[in-house]
Amino acid sequence: MHGMARMKLLPSAFDRLNTYSAPTACLFTTGAMIQLLSIVMLFSERAYQFAYSLCTASIVISWTLAAAYMAKAWLAQERGQGASEAPRIRAVDGICAACSAAFLVVAIAVSGVEQLMMCCIAYIPGIACYIWARVEQHQKVFTARERLLAIILVAIGIFMIGYVGANGIL
1 MHGMARMKLL PSAFDRLNTY SAPTACLFTT GAMIQLLSIV MLFSERAYQF AYSLCTASIV
61 ISWTLAAAYM AKAWLAQERG QGASEAPRIR AVDGICAACS AAFLVVAIAV SGVEQLMMCC
121 IAYIPGIACY IWARVEQHQK VFTARERLLA IILVAIGIFM IGYVGANGIL
């Protein structure tokens with residue numbers, strides 16, 4: 001979090017260090033999130049299953065985006081649009097990246113999107129902190145597409161909070 005604050009992605013409150021050079025706000029926030037997760041796990045009947053399912057869904061998002069980005073970079077390189085100083089991506093690697101991205105999207109769809117949608121709950125505080133940082137720096141918060149995506153993610157997150165509470169998923 002401290003590194004993200006130094007890059008101006010989080011509010012300056014997360015960039016401040018105490019007299020011992022420790023990022024107090026980052027440590028407090030991380031500790032609070034861990035405690036919140038511990039409390040949720042304490043009252044959950046299927047705590048382990050919930051935890052590994054949610055972690056798997058979160059990781060799959062990163063893998064899908066990484067594979068899609070590599071496929072996009074390979075396609076740009078093949079069209080002659082890639083950065084000249086960037087290392088060349090072999091065709092076999094670009095094809096593997098495209099296949100991986102496609103496979104992960106299909107795997108998410110087949111396994112159900114419930115856990116994936118649960119990840120949106122965690123995006124709500126992140127989006128709020130990002131907005132706070134951009135306003136603090138007097139910069140434009142979102143482009144039109146980013147605003148739409150943020151609204152969709154927050155709406156899904158709020159829906160899932162209600163869904164979890166109503167159906168006793170935890």
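For the sequence shown, the residue numbers in the UniProt record's numbering are 1 to 170.
Ideal Cβ placement from N, Cα and C applies to all residues, glycine included.
A quick note: this is a predicted structure, and the numbers were derived from the prediction, not measured.
With a CB to CB cut of under 6 Å and the five nearest residues on each side skipped, what residues in its chain are close to residue i?
i	result
residue 128	none
residue 24	18
residue 153	120 and 123
Drop a sphere of 10 angstroms on the beta-carbon of residue i, count the other beta-carbons inside from all chains shown, and report buried for 16 or more, exposed for fewer.
i	result
residue 125	exposed
residue 5	buried
residue 87	exposed
residue 99	exposed
residue 119	buried
residue 67	buried
residue 160	buried
residue 133	buried
residue 109	exposed
Between residue i and the rest of its own chain, which residues show a CB-CB distance below 8 Å, the 5 nearest in sequence each way excluded?
i	result
residue 29	1 and 14
residue 8	133 and 137
Hey, how far is the Cα of residue i from the Cα of residue j?
i	j	result
residue 21	residue 27	12 Å
residue 77	residue 131	34 Å
residue 97	residue 116	21 Å
residue 64	residue 121	19 Å
residue 144	residue 151	11 Å
residue 138	residue 166	40 Å
residue 149	residue 53	24 Å
residue 156	residue 33	20 Å
residue 106	residue 158	25 Å
residue 61	residue 112	14 Å
Can you tell me whether DSSP reads residue i as helix, strand or coil?
i	result
residue 72	helix
residue 21	coil
residue 35	helix
residue 49	helix
residue 44	coil
residue 9	coil
residue 93	helix
residue 125	helix
residue 138	coil
Using a Cβ-Cβ cut-off of 7 Å (strictly less than) and excluding sequence neighbours within five positions of residue i, which residues of its own chain qualify?
i	result
residue 136	11 and 12
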